[in-house]
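Reading through the structure tokens given below for one structure.
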Amino acid sequence: AQKVTQAQTEISVVEKEDVTLDCVYETRDTTYYLFWYKQPPSGELVFLIRRNSFDEQNEISGRYSWNFQKSTSSFNFTITASQVVDSAVYFCALYGSGNTGKLIFGQGTTLQVKP
Amino acid sequence: DAMVIQNPRYQVTQFGKPVTLSCSQTLNHNVMYWYQQKSSQAPKLLFHYYDKDFNNEADTPDNFQSRRPNTSFCFLDIRSPGLGDAAMYLCATSRDSGSSYNEQFFGPGTRLTVL
Numbered sequence: 305a306q307k308v309t310q311a312q313t314e315i316s317v318v319e320k321e322d323v324t325l326d327c328v329y330e331t332r333d334t335t336y337y338l339f340w341y342k343q344p345p346s347g348e349l350v351f352l353i354r355r356n357s358f359d360e361q362n363e364i365s366g367r368y369s370w371n372f373q374k375s376t377s378s379f380n381f382t383i384t385a386s387q388v389v390d391s392a393v394y395f396c397a398l399y400g401s402g403n404t405g406k407l408i409f410g411q412g413t414t415l416q417v418k419p
Numbered sequence: 073d074a075m076v077i078q079n080p081r082y083q084v085t086q087f088g089k090p091v092t093l094s095c096s097q098t099l100n101h102n103v104m105y106w107y108q109q110k111s112s113q114a115p116k117l118l119f120h121y122y123d124k125d126f127n128n129e130a131d132t133p134d135n136f137q138s139r140r141p142n143t144s145f146c147f148l149d150i151r152s153p154g155l156g157d158a159a160m161y162l163c164a165t166s167r168d169s170g171s172s173y174n175e176q177f178f179g180p181g182t183r184l185t186v187l
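Chains A and B supply the protein sequences, listed in that same order. For the first sequence, the working numbering gives the first residue as 305, with consecutive numbering after it. For the second sequence, the working numbering gives the first residue as 73, with consecutive numbering after it.
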């Protein structure tokens, strides 16, 4: 079975604080892909990052960084110096090679950044 | 800009009155998806088209149908909407080459209200 767990339902921080969103996944596939999406109040899911199971290199994009650790089956997302515009629901998702087009989403973490 | 477009953004229908939601894309992606998302939940895949091949999720009610007349367009038909079908409906596309899985790009969604 494939599963994605985002244990943090809601996080509230003050602007300029760093915040880490946790994502733990379960899969028996050796080839799989992990994703993060952002869903602002407008409703559209915005793609942030894709990582395949053979690439454990961490990635940084501006204030965003991702830490992929296969040993702990985690793919955590850190926002540095958070801003009010970062307020959104963030979804972690998994696609396994045994799937037929289906992304497995976590339940999402609602991030509120207060001024 | 290449994108996924959904019309209308807001749709109000009456209980039992058929409704059609539309999605178009300029990305020339071969895979198109329809998701249902209810409040505070992750998106739930209803079905997807891999080129012309239709793939229905096992738990998608028969009340939901889909059509893909060409690469660019995909429609979601709800034959007899019930109150429980009120939700955000998201269309997404991806380019699947068969050798790797690429990220899905989402449209802005159609929020369906059933009276």
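All C-beta atoms in this analysis are idealised placements derived from N, C-alpha and C, irrespective of residue type, glycine included. Note that the coordinates shown come from a computational prediction; the quantities given were computed from them, not determined experimentally.
CA-CA distance, residue i and residue j?
| i | j | result |
| --- | --- | --- |
| B:Glu129 | A:Asn371 | 32 Å |
| A:Glu319 | B:Phe87 | 44 Å |
| B:Leu118 | A:Gln310 | 22 Å |
| A:Arg332 | A:Ala305 | 7 Å |
| A:Lys406 | A:Tyr399 | 7 Å |
| B:Cys95 | B:Phe177 | 12 Å |
| A:Thr376 | A:Val317 | 26 Å |
| B:Thr98 | B:Asn142 | 12 Å |
| A:Thr334 | A:Val393 | 29 Å |
| B:Asn79 | A:Phe395 | 24 Å |
| B:Pro133 | B:Gln108 | 12 Å |
| B:Arg167 | A:Ala385 | 34 Å |
| A:Lys342 | A:Gln312 | 15 Å |
| B:Gly181 | A:Ile364 | 29 Å |
| B:Lys89 | B:Arg140 | 22 Å |
| B:Ser169 | A:Pro345 | 32 Å |
| A:Pro419 | A:Leu352 | 23 Å |
Report yes if the CB atom of residue i is closer than 8 Å to the CB atom of residue j, and no otherwise.
| i | j | result |
| --- | --- | --- |
| B:Asn174 | B:Ile150 | no |
| A:Val323 | A:Ile383 | yes |
| B:Thr92 | B:Leu184 | no |
| B:Val76 | B:Gly179 | yes |
| A:Asp326 | A:Asn380 | yes |
| A:Phe339 | B:Pro115 | no |
| A:Gln373 | A:Val417 | no |
| A:Gly347 | B:Met104 | no |
| A:Arg355 | A:Tyr337 | yes |
Please go through the same chain and pick out, in chain order, the residues whose beta-carbon is closer than 7 Å to the beta-carbon of residue i, but skip the five residues on each side of it.
| i | result |
| --- | --- |
| B:Asp123 | Asn102 |
| B:Val186 | Thr85, Phe87, Pro153, Gly154, Leu155, Asp157, Ala158 |
| A:Gln411 | Gln310 |
| B:Asn100 | Thr143 |
| A:Glu321 | Ser386 |
Go ahead and label residue i buried or exposed: buried means 16 or more other beta carbons lie within 10 angstroms of its beta carbon, across all protein chains shown.
| i | result |
| --- | --- |
| B:Phe126 | exposed |
| B:Leu162 | buried |
| A:Asp359 | exposed |
| B:Ala164 | buried |
| A:Gly366 | exposed |
| A:Asp390 | buried |
Under 6 Å Cβ to Cβ from residue i, same chain only, skipping five residues before and after it: list those, please.
| i | result |
| --- | --- |
| B:Ser111 | none |
| A:Thr414 | Glu314, Val393 |
| B:Tyr82 | Arg183 |
| A:Tyr329 | Val308, Ser377, Leu398 |
| A:Leu349 | Tyr341, Gln343 |
Using a Cβ-Cβ cut-off of 8 Å (strictly less than) and excluding sequence neighbours within five positions of residue i, which residues of its own chain qualify?
| i | result |
| --- | --- |
| B:Ser138 | Trp106, Leu118, Phe119, Tyr121, Phe126, Cys146, Phe147, Leu148, Asp149 |
For residue i, go through chain B and note every residue whose CB falls closer than 7 Å to its CB, in chain order.
| i | result |
| --- | --- |
| A:Gly412 | Ala114 |
| A:Lys406 | Leu117 |
List the residues of chain A whose Cβ lies closer than 7 Å to the Cβ of residue i, in chain order.
| i | result |
| --- | --- |
| B:Tyr173 | Tyr337, Tyr399 |
| B:Gly88 | Result: empty, since nearest Cβ-Cβ is about 26 Å, beyond 7 Å. |
For residue i, return the contacting residues in chain A, with the cut-off set at a CB-CB distance below 9 Å.
| i | result |
| --- | --- |
| B:Met160 | Gly347 |
Residues of chain B with a CB under 8 Å from the CB of residue i: which are they?
| i | result |
| --- | --- |
| A:Arg354 | Asn174, Glu175 |
What in chain A is Cβ-close to residue i, meaning under 8 Å?
| i | result |
| --- | --- |
| B:Pro180 | Ser346, Gly347, Glu348 |
Name the chain B residues whose beta carbon is nearer than 9 Å to that of residue i?
| i | result |
| --- | --- |
| A:Phe395 | Ala114, Pro115 |
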